[in-house]
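Residue numbers (this note's numbering), protein chains in the order written: chain A, 1 to 215; chain B, 216 to 430; chain C, 431 to 673; chain D, 674 to 1016; chain E, 1017 to 1359.
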Amino acid sequence: MSHLIAELVFRATLETLEMVFASGAIAVLGGLPLAVLMLVTSRRDLFDMVWLSRLLGTVIDALRAVPFIILLVLLIPVTRLIAGTALGTAAAIVPLSIAAIPYYARIAEVSLKEVDAGLVDAVRAMGGTRWMVIRYALIPEALPGLIAGLTVTLVTLVGASAMAGAIGAGGLGDLAIRYGYQRFNTTVMLSVVAVLVVVVMSIQAAGNMVARRLR
Amino acid sequence: MSHLIAELVFRATLETLEMVFASGAIAVLGGLPLAVLMLVTSRRDLFDMVWLSRLLGTVIDALRAVPFIILLVLLIPVTRLIAGTALGTAAAIVPLSIAAIPYYARIAEVSLKEVDAGLVDAVRAMGGTRWMVIRYALIPEALPGLIAGLTVTLVTLVGASAMAGAIGAGGLGDLAIRYGYQRFNTTVMLSVVAVLVVVVMSIQAAGNMVARRLR
Amino acid sequence: QSNTTLRIGIMSGEDEDIWRIVSTNASKSGLTLKIVTFSDYSTPNQALSEGDLDANAFQHGPFLKAQSEANGFKITPVGNTYFAPMGLYSHRWKSLQDLPPNASIGVPNDPSNEGRALLLLQTLGILKISSSAGLLPTALDITDNPRNISIRELDAGVVGRALTDLDAAVVNTEWAQKAGIDTIKERIGEETLQNNPYVCFIATNAKDASAAWVKPLVSAYQQPNTRQALLDVYHGAIVPAWT
Amino acid sequence: MTPLLEIRNVSHQFGDHSALTNVSFSVEQGDILGIIGRSGAGKSTLLRCLCALQKPTEGEILLNGADLVSLPERALVLERRRIGLVFQHFNLLNSRTVAANIALPLEISGIPSSRRRARVKELIEIVGLEGHENKRPSQLSGGQKQRVGIARALATEPVLLLCDEATSALDPETTASVLDLLAEINRRLGLTIILITHEMDVVRRFARRVVVLEHGKVVENSPVVTLLSDPSRNENIAHLFPDTLIQIPSDQKAYLQTDPFPASEVLLRLGDTAASLPSALLSELGRNFGADIRLLNGGITQVGGRNIMDMIIRLPVFSPEIQMFLKNRCQTVEVLGYVPSDR
Amino acid sequence: MTPLLEIRNVSHQFGDHSALTNVSFSVEQGDILGIIGRSGAGKSTLLRCLCALQKPTEGEILLNGADLVSLPERALVLERRRIGLVFQHFNLLNSRTVAANIALPLEISGIPSSRRRARVKELIEIVGLEGHENKRPSQLSGGQKQRVGIARALATEPVLLLCDEATSALDPETTASVLDLLAEINRRLGLTIILITHEMDVVRRFARRVVVLEHGKVVENSPVVTLLSDPSRNENIAHLFPDTLIQIPSDQKAYLQTDPFPASEVLLRLGDTAASLPSALLSELGRNFGADIRLLNGGITQVGGRNIMDMIIRLPVFSPEIQMFLKNRCQTVEVLGYVPSDR
Ligand SMILES: Nc1ncnc2c1ncn2[C@@H]1O[C@H](COP(=O)(O)OP(=O)(O)OP(=O)(O)O)[C@@H](O)[C@H]1O
Ligand SMILES: Nc1ncnc2c1ncn2[C@@H]1O[C@H](COP(=O)(O)OP(=O)(O)OP(=O)(O)O)[C@@H](O)[C@H]1O
Ligand SMILES: [Mg+2]
Ligand SMILES: [Mg+2]
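Right under this line is the structure:
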């Protein structure tokens, strides 16, 4: 692998990491509250506003239904508004986040649902408000699952970030497509895929470790 | 919406459903055993072959690391071998499944991990073999989570199937991209996205219902 | 001449190598080129018209026309780059006449390539396309299909590789070479080079068409070293389109 | 004085299964109430209703006059902070250590962290979990979990403590020390305690009043002494006290006949709940009537500070004088039957 | 005869915490063994080791001579099918109904479904869960869950039954009926039972031998009669029997002095475990010495079919003759102290 390619791969790795972790962080910040809201409004013993839960579910499903490449383009004006430009790595974080938020919301919801009702009861019985139920029971008890879900989300983002090449975001996936798929440069493709495998495995290993420590 | 477009959308819907459900089914058939294997080999009280669990994890992560469009192309020979042709809706099921299997394996693993160790103990104490532990404790007890995970996988497949347009698989996502997005036909794009939203919401609603009944 | 920085949008792939040379050429005339690569055909024009780019170089006239009509872009070509001929290839059949009824023919599925491929098939007398479809027809615009050919719309990168699964396929020469097709022996039809509208060019927003940096930019491209690079990089699959 | 807690016509349905039907009773401030009843009688459901964890299908639950069922969320939360609840299945948070579990109600009530630490330390000592502070609940034994649950319920010094079988997983010594602790808080601070238990010994030694549930209905509500002195009085509850109903030893039972026969002796059951100084009954019988009176089973036990006599004796003769003497000295004298004198 | 189960030098560590240290004992076929000990003593850990759910860090567990710890998986599975285990925390599968939970061990042992159905029906009746067959475990009360656990453990008619506090959530009546059932199976089929319990009454009435664990070590291993007749013999275990150690009533205790004084009466504690026909001691005392002997606490109880005497009496005089008489008639005579005769 020539020096030039090594440099390309190195830059692309940074770009991928930037996109994945930035949008992953935003996915948690946006998706977790949505998931919690969806859950607590659906439960009789908490907020009991099934209509709101349904509404949120609908919005989330609608966002998830739009193919990412279309979302990418439809969101260009929004991206420009938020990021100042519609092109490049930083700009790609906007559509990636907007795709990842509903995705993580659904994944987080699965884990939150599994929390033993007895623990919600316990916090309620102590005189905990509904907010405290979320803070002391739902989130901490679901944490191993939430982390595992985040791991899945991050890896999915690695895949999605490849498509962000469409708006000039660069990154490993884009490099693999450009050199590997479009130019049949097997060396580059394999080395890029190798780096991708390392990135994915590191994310997975880190996620597993954190989840295990919490369990 | 003209008659022609309605017909296009209708055919694309069928194609999408065919791809999503066929590869979803294969994802479960392939991914669930992998997830189970990964879990039971990692556990001291079951198969205790951590190396195998690690190996499986590595293979799964490696597969997940390859961007789908590249997988699509790399797998053309495999697809041809399995499906007889590398093109079309039926052929697309091969790469979609191969992408979905490791994806579902990781998602299913999260739910399987949450099963109370006491229930594994219960089946063991009755003289259940390790296979019976899987059959009577791990899978049934994780079922609500496994179903919720399948829902997430199916919706992700709806997104991925859009890319399968590259090998002439058709489907709603491809229609939205090619006719709506690339050829600026907003009517087609919006109607296709509307159908996609309906498909995704139906999958989600069905998944929620099944999971709720099992919980 | 003052140092100007330009953002140029191109498609990812070999073009990046060409533009690396162009950048070097341009720096001699005081231009700093920032190359932005795209893997999707729809975005570069939008990015250009919205000011995220100063120029782009990836398209031919028919494509630009269609995009401008749909989106109201005010983009004009300012200098030719190259011409990439298309051919009809087959592993199974020796000539056009051998093509059986109900044969399947693969075409690229992106708007400009698909239209061009269909028009090639029309030129070869295999089918007829509605005249109202203009330069960007799709399989839906076929009006007459005497041999009942089935058209398979595939990703440009896939058509060549999927030739085994097809009776024939229309493939850009560059892709055909990469897919391991013998572009001489397996070709059963090709584009006529005369008056071909599919010459690629550098484009800018109409308001910038006479900007001071346009001429130096175009001439940085139309250099002998670029010509050589085009021939090398594309292994003869494309033809430089300036004299 | 209005009662601390008043339950009025509470009913609860699970689907078409009535878990509680028209339950009414009240609890005075400072009282210790035992709730007993068969498995599945509705005890846990009732306890959950008492802190509005489960809204009953019907009825009112008045705590200091305020109806918990209809109280708005904000006020309900504050009321609950004055109630401690020990769950039957512990319900400990596995995301927290033992110490952090015990600290949780303090955090919820907004106690500053320095005072929290001191209080947690004190509670850990009280329930004997020193050295386990940093374990997770999943690393504890059953009884240790239960003690964490008890410590957690006591943390905020509630005015009302609800215990759902809070000592079922504890050994007798730990049970006794927990009950002593509760009794002391009850005496010192007037803590009101409602406890569900299956251990009649706990009821006997600890409770003042008892409510008995049967198929979701209250079938008995009386002071513990009344109940224990003669559980057979109420046929609905006799089954709950198999150990209080002293049995005829099986070797005697085999020969038991209902009518006297030659060379037979009589089996009597004597009961009394009132004697302030325990009776010298047996020795008096021997002295006054010259008979060998055999104590077959039972004797004297202490219930709520009173001496309860319940015993089965065997007499060679049952003359009218003896009968008169016993009737004078015991509340109940029951002839159980006759056995051969050589057995 | 080789014992059914032999535990040899079993130790288990959780990290650096020793839950079991060098535990050895054996259990004969058909025996009923009680394991008791303080909360956290290691009882549940030991039971889990007994069916190799937890591999002990050290030691051997021989079931019919085969060491479960080193047995290969295939053989271990078959051995376990002959063992029933009732878990302290029930461990029911919530994915199955009550009936299906009970059927599970039958499925596992490959019993055909028709026989399965009949057996499940029978078991449901035995544990009194008729009408709850189709509920999920989450819809059951604590005691109902426990009964499902018991039915499940009995389903395949095991030869060895391990119970971890299997009656802790049951009311006395249900407890008694479950124990009666177990005793009957034990008699009829020679079922060997090992049960952990905190209810001394269960030990008293049900067990034949008792193993006492303390901090993971065996501190007592003896027949239940020996143990109960004088728990104070072993200071390690006295705390487990607070209710067996009969107390001096508190109203008397207040006046208790260690030495005699004018107008004082003596408090004696009398104990005996051997009397085959209960003693007529008190009436004889009255008859022979003309004294009013007061029974203050205790009396006769039946343990494992034998009559155990344990009582505190009060005598106006404690002449050498009386002393001689009592020494002749009781195993233990202990002077507890003196109280004023007018109290
Ligand atoms: N997984 C674990 N990790 C660490 N320590 C443990 C674990 N399980 C049990 N222990 C500790 O081992 C000791 C013995 O536990 P065990 O459950 O055997 O007690 P036990 O005698 O059954 O008590 P109880 O009567 O309260 O149920 C306890 O001190 C407990 O804290
Ligand atoms: N979620 C539920 N759904 C349906 N039925 C339920 C539910 N919870 C409890 N029950 C039923 O209600 C009845 C009362 O249950 P509860 O838990 O109050 O009994 P309990 O008196 O506490 O019994 P135990 O002493 O066994 O704990 C039982 O028959 C039980 O099966
Ligand atoms: Mg209960
Ligand atoms: Mg235990």
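Beta carbons: idealized from backbone N, C-alpha and C, even for Gly. Owing to the predicted nature of the structure, the values given are computational and were not obtained by experimental measurement.
Q | Exposure label - Q761 of chain D; buried when at least 16 CB within 10 Å | A | As a working note, residue 761 of chain D is residue 88 in the fourth sequence. Q761 of chain D comes out buried.
Q | Cβ neighbour criterion (16 or more within 10 Å) applied to D612 of chain C | A | Residue 612 of chain C sits at position 182 when you count from the first residue of the third sequence. With fewer than 16 neighbouring CB atoms inside 10 Å of its own CB, D612 of chain C falls in the exposed class.
Q | Sub-7 angstroms separation of G590 of chain C and A569 of chain C beta-carbons | A | Taking the first residue of the third sequence as 1, we reach residue 590 of chain C at position 160. Taking the first residue of the third sequence as 1, we reach residue 569 of chain C at position 139. No. Outside cutoff.
Q: Excluding the 5 residues preceding and the 5 following R1163 of chain E in the sequence, name in chain order all residues of the same chain whose CB lies nearer than 8 angstroms to its CB.
A: For the purposes of this step, residue 1163 of chain E is taken as residue 147 along the fifth sequence, with counting starting at 1. Around R1163 of chain E: V1143, G1144, L1145, L1186, T1190, V1194.
Q. Say the cut is 6 angstroms; is the CB of S699 of chain D nearer than that to a heavy atom of ligand 3?
A. As a working note, residue 699 of chain D is residue 26 in the fourth sequence. Checking the Cβ of S699 of chain D against ligand 3 gives no.
**Q.** Backbone secondary structure at Y471 of chain C - three-state DSSP
**A.** Residue 471 of chain C sits at position 41 when you count from the first residue of the third sequence. Three-state result, Y471 of chain C: coil.
Q: Give the residues of chain E in contact with G333 of chain B, contact being defined as C-beta atoms less than 8 angstroms apart.
A: Residue numbering aside, residue 333 of chain B sits at position 118 when the second sequence is read from its first letter. Simply F1103, H1105, N1107.
Q) Quick one: Cα of L647 of chain C to Cα of K464 of chain C, how far? A) As a position in the third sequence, residue 647 of chain C is number 217, starting the count at 1. As a position in the third sequence, residue 464 of chain C is number 34, starting the count at 1. Approximately 12 angstroms between the Cα atoms of the pair.
Q) In terms of alpha-carbon separation, which member of A:M209, A:M126, A:D174 lies closest to L834 of chain D? A) Within the fourth sequence, numbered from 1, the residue matching residue 834 of chain D stands at position 161. Nearest option by C-alpha distance: A:M126.
(Q) Between which residues of its own chain and K637 of chain C is the CB-CB distance below 8 angstroms, once the five residues before and five after are set aside? (A) Mapped onto the third sequence, residue 637 of chain C falls at position 207. Contacts found: K504.
Q) Counting contacts by CB-CB distance shorter than 7 angstroms, is I291 of chain B in contact with chain C? A) Your numbering for residue 291 of chain B matches position 76 in the second sequence. Yes, its Cβ sits closer than 7 angstroms to a Cβ of chain C.
Q: Check R43 of chain A in the structure and name its three-state DSSP category.
A: Reading the first sequence from its first residue, position 43 is the one you call residue 43 of chain A. Of the three classes helix, strand and coil, the one that applies to R43 of chain A here is coil, per DSSP.
Q. Taking Cβ positions only, does R1285 of chain E come closer than 7 angstroms to chain B?
A. Locating residue 1285 of chain E in the fifth sequence gives position 269, where the first residue counts as 1. R1285 of chain E has a beta carbon lying at 7 angstroms or more from every beta carbon in chain B.
**Q.** One or two residues paired with P1362 of chain E in a DSSP bridge
**A.** Only positions 1017 to 1359 of chain E appear in this structure, which leaves residue 1362 of chain E out of reach.
Q. If you run the structure through DSSP and keep just helix, strand and coil, what is T123 of chain A?
A. Sequence index remark: in the first sequence, residue 123 of chain A carries index 123 (1-based). In the sequence under discussion, the amino acid at residue 123 of chain A is Val, which differs from the Thr named in the question. Reduced to three states, the DSSP call for V123 of chain A is helix.
Q. Would you say Q431 of chain C reaches chain A, if we count a Cβ-Cβ gap shorter than 7 angstroms as a contact?
A. Locating residue 431 of chain C in the third sequence gives position 1, counting from the first residue. Caution is warranted here: a pLDDT of 45 is assigned to Q431 of chain C, below 50, making its placement in the model unreliable, and no coordinate value can be reported.
Q) Taking Cβ to Cβ, would you say Y351 of chain B is nearer than 7 angstroms to G246 of chain B? A) In the second sequence, residue 351 of chain B corresponds to position 136, counting from 1. In the second sequence, residue 246 of chain B corresponds to position 31, counting from 1. Not closer than 7 angstroms, so no.
Q: Could you please tell me which residues of the region 1086-1099 of chain E, in chain order, have their CB closer than 9 angstroms to any CB of chain B?
A: So the list reads E1089, R1090, L1092, V1093, L1094, E1095, R1096, R1097, R1098, I1099, given in the order they occur along the chain.
Q: Please state whether DSSP places G246 of chain B in a helix, a strand or coil.
A: Residue mapping note: residue 246 of chain B aligns to position 31 of the second sequence, counting from 1. Looking at G246 of chain B - three-state DSSP - the assignment turns out to be helix.
Q | Sequence ranges, beta strand (DSSP E) only - wholly within the region 453-532 of chain C, length at least 3 | A | 461-468, 485-490, 505-513, 516-519
Q | Residue range of the alpha helix (DSSP H) that includes M201 of chain A | A | Counted from its first residue, the first sequence places residue 201 of chain A at position 201. First-last of the alpha helix (DSSP H) with M201 of chain A: 186-214.
Q | Residue ranges of each alpha helix (DSSP H) within the region 824-886 of chain D, 4 or longer | A | 845-862, 873-879
Q. What's the gap between the Cα of Q431 of chain C and the Cα of V644 of chain C?
A. In the third sequence, the residue the question calls residue 431 of chain C occupies position 1. In the third sequence, the residue the question calls residue 644 of chain C occupies position 214. Note that Q431 of chain C scores 45 on pLDDT, short of 50, meaning its location in the model is unreliable; the coordinates nonetheless yield the value given after this. Spanning the two alpha carbons is a distance of roughly 13 angstroms.
Q. So does K1059 of chain E have its beta carbon nearer than 6 angstroms to some heavy atom of ligand 4?
A. Against the fifth sequence, residue 1059 of chain E aligns to sequence position 43. K1059 of chain E Cβ: within cutoff of ligand 4.
Q) What did DSSP end up calling M982 of chain D once you bin it into helix, strand or coil? A) Looking up residue 982 of chain D in the fourth sequence gives position 309. DSSP, reduced to helix, strand and coil, places M982 of chain D within a strand of the structure shown.
Q | Candidates E:G1287, E:F1341, E:N1110, of which the one nearest T1317 of chain E by Cα | A | Here residue 1317 of chain E refers to the residue found at position 301 of the fifth sequence. T1317 of chain E has its Cα closest to that of E:G1287, out of E:G1287, E:F1341, E:N1110.
Q | Residue span of the beta strand (DSSP E) that contains K890 of chain D, given as start and end | A | Translated into positions along the fourth sequence, residue 890 of chain D becomes position 217. Counting along the chain, the beta strand (DSSP E) containing K890 of chain D begins and ends at 890-896.
Q | chain B contact residues for S560 of chain C, given Cβ-Cβ distances below 8 angstroms | A | As a first step, residue 560 of chain C must be located in the third sequence, where it is residue number 130. Chain B residues near S560 of chain C: none, gap ~12 angstroms exceeds 8 angstroms.
Q: Give me the Cβ distance between I26 of chain A and I101 of chain A, rounded to the nearest whole Å; I'm assuming they're in contact under 8 angstroms.
A: Counted from its first residue, the first sequence places residue 26 of chain A at position 26. Counted from its first residue, the first sequence places residue 101 of chain A at position 101. Between I101 of chain A and I26 of chain A the Cβ distance is about 7 angstroms, and since that is below 8 angstroms, they are a contact.
Q. For G383 of chain B, which three-state DSSP category applies?
A. To locate residue 383 of chain B, count along the second sequence from 1; it is residue 168. Three-state DSSP puts G383 of chain B in coil, outside helix and strand.
Q) Could you give the C-beta distance for V508 of chain C and A633 of chain C, rounded to a whole number, given that I count them as a contact under 8 angstroms? A) Here residue 508 of chain C refers to the residue found at position 78 of the third sequence. Here residue 633 of chain C refers to the residue found at position 203 of the third sequence. Right, the Cβ-Cβ distance comes to about 6 angstroms (below 8 angstroms), so this counts as a contact.
Q: Inspect the beta-carbon positions of V200 of chain A and V152 of chain A and report whether they are closer than 7 angstroms.
A: As a first step, residue 200 of chain A is located in the first sequence; it is residue number 200 there, counting from the start. As a first step, residue 152 of chain A is located in the first sequence; it is residue number 152 there, counting from the start. In this structure, V152 of chain A does not lie closer than 7 angstroms to V200 of chain A by Cβ.
(Q) So if DSSP puts M378 of chain B in a beta bridge, which residue, or which two residues, is it bridged to? (A) As a working note, residue 378 of chain B is residue 163 in the second sequence. Beta-bridge pairing links M378 of chain B to no other residue.
Q. Tell me which same chain residues have a C-beta within less than 8 angstroms of the C-beta of I93 of chain A, skipping the five on either side of it?
A. For this step, residue 93 of chain A is matched to residue 93 along the first sequence. The residues are E18, M19, A22, S23, I26, A83.
Q. Between the region 44-67 of chain A and chain B, which residues of the former have a C-beta closer than 8 angstroms to a C-beta of the latter?
A. G57, T58, D61, A62, R64, A65, V66, P67
Q. Is the closest heavy atom of ligand 1 to the C-beta of A90 of chain A under 6 angstroms?
A. Here the question's residue 90 of chain A lines up with position 90 in the first sequence. Outside the cutoff, so no.
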